[in-house]
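Number of protein chains: 2
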Amino acid sequence: MEQARPDATSCAAMLELLAVPGIPLVEAGDDLAALLEAALGRAHLELRDGDVVVVASKVVSRSEGRFFDLARVSPSARAVEIARQTAKDPHMVELILRETERVSRAAPNVLIVRHRLGFVSANAGIDCSNAVPANAPPESGPWALLLPEDPDASAERIRAKLHESFSAAIGVVISDSFGRPFRFGTVGAAIGVAGIPALWDRRGEKDLFGRTLEATITALADQVAAAADLVAGQAAEGRAAVIVRGLSFPVGEHSARELLRPADQDLYL
Amino acid sequence: MEQARPDATSCAAMLELLAVPGIPLVEAGDDLAALLEAALGRAHLELRDGDVVVVASKVVSRSEGRFFDLARVSPSARAVEIARQTAKDPHMVELILRETERVSRAAPNVLIVRHRLGFVSANAGIDCSNAVPANAPPESGPWALLLPEDPDASAERIRAKLHESFSAAIGVVISDSFGRPFRFGTVGAAIGVAGIPALWDRRGEKDLFGRTLEATITALADQVAAAADLVAGQAAEGRAAVIVRGLSFPVGEHSARELLRPADQDLYL
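Each protein sequence line maps, in turn, to chains A and B. Take the first sequence: its letters are residues 1 to 269, numbered as in my numbering. Take the second sequence: its letters are residues 270 to 538, numbered as in my numbering.
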């Protein structure tokens, strides 16, 4: 499993996914990279070249203090109207709209928006699970947790620190769970990326008959996030981070924005 | 890594993905399960309870002889019209329409349809890579390969045979590459499923604070397909099958149709 620093992304013949055990409940102001480093140390896990550390957006949000007490959020007239259409809590809708560039679809129990970060997702990724801060007063809440302020930057902070600690050329993906328009069930998707290419462009390659491959840009970072979700879950196990080991990719500067289809190419606007 | 036959699907703390080496180029009429079994034997790989074998739709299609010589396909008037709208080959559009229940979006270089199998995908999953049959006459083609006739049934045939050979409670997923409306890049998705639940319903579980989890039906089979795609690629490596090892799920009767949002719940029709 020795990794070179290859020039081109390539397929792995074998891949391992390892949950990072023993990450404590993350609170506002915690240095997440330091918590990860300590947990890796306690588990005797050393990062290697080519490893990708997939971190759940929820723990990044908690470290950034993105908690909101819904009772203290004042809904605008527009939030009240959309709450009526969707049968959702107006305080929650207000928070969603503050994170929203454009509403994509509103229907009973459904509010899908183009997030200020550019992706399309339900409820702007705002969640009420595992959303209570350590210092929550007894009568406060319910609490909601917004997505990280700038997930690419969060990923890069973690990458830089772990790169320094382990002297390894690694990637970091901040993952969140996304629904899909045509399919049931959520899948892990990349909302922040550092080190690893978000897209893997294979258009130059040939098939077994020497014919150039079609449609061969794969969403590498999304597939890494989906794979990690098989290991991480998102609940009481509290598995906040997963190592994906065995990929080969050229480490470089990348962004989850590489994955975003701009509105003018969106046929489902 | 011993697997019980658990009552409930659960997270893996570690997952391994292994490409099955040495599967020959599959041709029409080949017994794919027998080819897989032989390749596993040569590689000294034994399937275990809980393993999921992910098979690329392309090799299933080849084994089922789903080849079409585009030059011998007569385009209908409707195919000619849509070919004009999309700047696609009318012969190819004709094949796509034969597999189509309803056109979802047609635009220059884009033809997205609801496939007769119920999922929404570009070009009805028809591909011209690795699409040449062994007995292709020299002046024939170009060739196109349609998706398997009934991918759930194909998955079940493979599952039954491998279950018998290895006495292991396994799952089988037939995977294809799908684009997404809002995001660039393709991801692996399940078009056929046997043994493993396509969806993993976690709504009964609690978060770290005892609050019931929201939005917690994950697309297990799609995430398995996406993970396998990291290993398999789809090109000259010819990696036709990947073992996903380390999941826990109750083996039962399932279908990729579990993943399909019906048209009446589709806000992006």
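Glycine included, each C-beta is placed from N, C-alpha and C at the ideal position. None of these values were measured; they are calculated from a predicted model.
Specify, as a first and last residue, the run of the alpha helix (DSSP H) that residue i falls within.
{"i": "H360 (chain B)", "result": "P359 to R367"}
{"i": "R42 (chain A)", "result": "L32 to R42"}
{"i": "V113 (chain A)", "result": "Where V113 (chain A) is concerned, there is no enclosing alpha helix (DSSP H), although the beta strand (DSSP E) it sits in stretches over V110 to H115."}
{"i": "L25 (chain A)", "result": "Per DSSP, L25 (chain A) belongs to no alpha helix (DSSP H) and is neither H nor E."}
{"i": "A490 (chain B)", "result": "L489 to A501"}
Note down, in chain order, every chain B residue with its Cβ under 9 angstroms from the Cβ of residue i.
{"i": "L260 (chain A)", "result": "F451, R452 and F453"}
Which chain A residues are close to residue i, counting only those with a beta carbon under 7 angstroms from its beta carbon?
{"i": "Q389 (chain B)", "result": "A quick correction: the sequence has Val, not Gln, at residue 389 (chain B). Those within 7 angstroms of V389 (chain B) in chain A are F182."}
{"i": "L287 (chain B)", "result": "M14"}
{"i": "L516 (chain B)", "result": "L230"}
Who are the Cβ neighbours of residue i in its own chain at under 6 angstroms, not counting the five residues just before and after it?
{"i": "S74 (chain A)", "result": "none"}
{"i": "A235 (chain A)", "result": "Its pLDDT being 42, under 50, A235 (chain A) is placed unreliably by the model, and the measurement read from it follows with that caveat. Excluding sequence neighbours, A235 (chain A) sits near nothing in its chain."}
{"i": "E37 (chain A)", "result": "S165"}
{"i": "N130 (chain A)", "result": "K58"}
{"i": "R331 (chain B)", "result": "V295"}
{"i": "A83 (chain A)", "result": "P90 and V93"}
{"i": "V60 (chain A)", "result": "P148, S154 and I174"}
{"i": "R374 (chain B)", "result": "I381"}
{"i": "A312 (chain B)", "result": "P290"}
{"i": "A134 (chain A)", "result": "E27"}
{"i": "M283 (chain B)", "result": "G515"}
Would you say the beta carbon of residue i is closer than 6 angstroms to some non-hydrogen atom of the ligand SAH?
{"i": "S177 (chain A)", "result": "In terms of ligand content, the structure shown is empty, and the ligand SAH therefore cannot be addressed."}
In chain B, what lies closer than 8 angstroms to residue i by C-beta?
{"i": "A219 (chain A)", "result": "R449, R452, F453, G454, T455 and V456"}
{"i": "R66 (chain A)", "result": "Neighbours of R66 (chain A) on chain B: none; closest Cβ ~16 angstroms, over 8 angstroms."}
{"i": "R105 (chain A)", "result": "L536 and Y537"}
{"i": "V110 (chain A)", "result": "L536"}
{"i": "V358 (chain A)", "result": "In the structure as shown, chain A starts at 1 and stops at 269, and residue 358 (chain A) therefore has no counterpart that could be examined."}
{"i": "L199 (chain A)", "result": "F453 and G454"}
For residue i, I'd like the list of residues in its chain whose CB is within less than 8 angstroms of its CB, leaving aside the five on either flank, ordered along the chain.
{"i": "I217 (chain A)", "result": "L199, W200, D201, R202 and R203"}
{"i": "L17 (chain A)", "result": "A227, A228, L230, V231, V242, I243, V244 and R245"}
{"i": "P466 (chain B)", "result": "T278, L489, A490, F518, P519, G521, H523 and E527"}
{"i": "P137 (chain A)", "result": "none"}
{"i": "I460 (chain B)", "result": "S326, L386, F388, G394, L416, P417, P420, I443, S444, D445 and A525"}
{"i": "A376 (chain B)", "result": "Q354 and T355"}
{"i": "S76 (chain A)", "result": "E94 and L97"}
Just to confirm my understanding: we take residue i, look at its own chain, exclude 5 residues before and 5 after, and list those with CB closer than 7 angstroms. What are they?
{"i": "E46 (chain A)", "result": "F166"}
{"i": "D264 (chain A)", "result": "none"}
{"i": "K357 (chain B)", "result": "L380"}
{"i": "P541 (chain B)", "result": "This structure cannot speak to residue 541 (chain B), because chain B is shown only from 270 to 538."}
{"i": "A274 (chain A)", "result": "Here chain A comprises residues numbered 1 to 269, so residue 274 (chain A) is not present and cannot be evaluated."}
{"i": "L162 (chain A)", "result": "A33, L36, E37, L47, V53 and I170"}
{"i": "D31 (chain A)", "result": "none"}
Along chain B, in chain order, which residues have C-beta atoms closer than 7 angstroms to that of residue i?
{"i": "A155 (chain A)", "result": "Under the 7 angstroms cutoff, chain B gives no residues; its nearest Cβ is about 17 angstroms from A155 (chain A)."}
With residue i as the anchor, note down where its beta strand (DSSP E) starts and where it stops.
{"i": "E16 (chain A)", "result": "M14 to A19"}
{"i": "V274 (chain A)", "result": "Residue 274 (chain A) lies beyond the range of chain A shown here (1 to 269); nothing can be said about it."}
{"i": "V120 (chain A)", "result": "V120 to A122"}
Under 7 angstroms, Cβ to Cβ, is there at least one residue of chain C near residue i?
{"i": "D150 (chain A)", "result": "The chain inventory of the structure shown lacks chain C, comprising the protein chains A and B."}
Which runs of the alpha helix (DSSP H) spanning at least 4 residues fall entirely within the stretch 320-352 of chain B, listed in chain order? If one requires a minimum length of 4 residues, the alpha helix (DSSP H) runs lying completely within the stretch 320-352 of chain B are 326-332, in chain order.
Those runs of the alpha helix (DSSP H) which lie wholly inside the stretch 423-467 of chain B and span at least 4 residues: Within the stretch 423-467 of chain B, no run of alpha helix (DSSP H) reaches 4 residues while sitting entirely inside it.
Beta strand (DSSP E) runs contained entirely in the stretch 398-425 of chain B, provided each spans 3 or more residues: Entirely contained in the stretch 398-425 of chain B, the beta strand (DSSP E) runs reaching 3 residues are, in chain order, 412-414.
Going along the stretch 489-500 of chain B in order, which residues come within less than 9 angstroms of chain A, judged by CB to CB distance? Per Cβ criterion, the list reads L489, A490, D491, Q492, V493, A494, A495, A496, A497, D498, L499 and V500.
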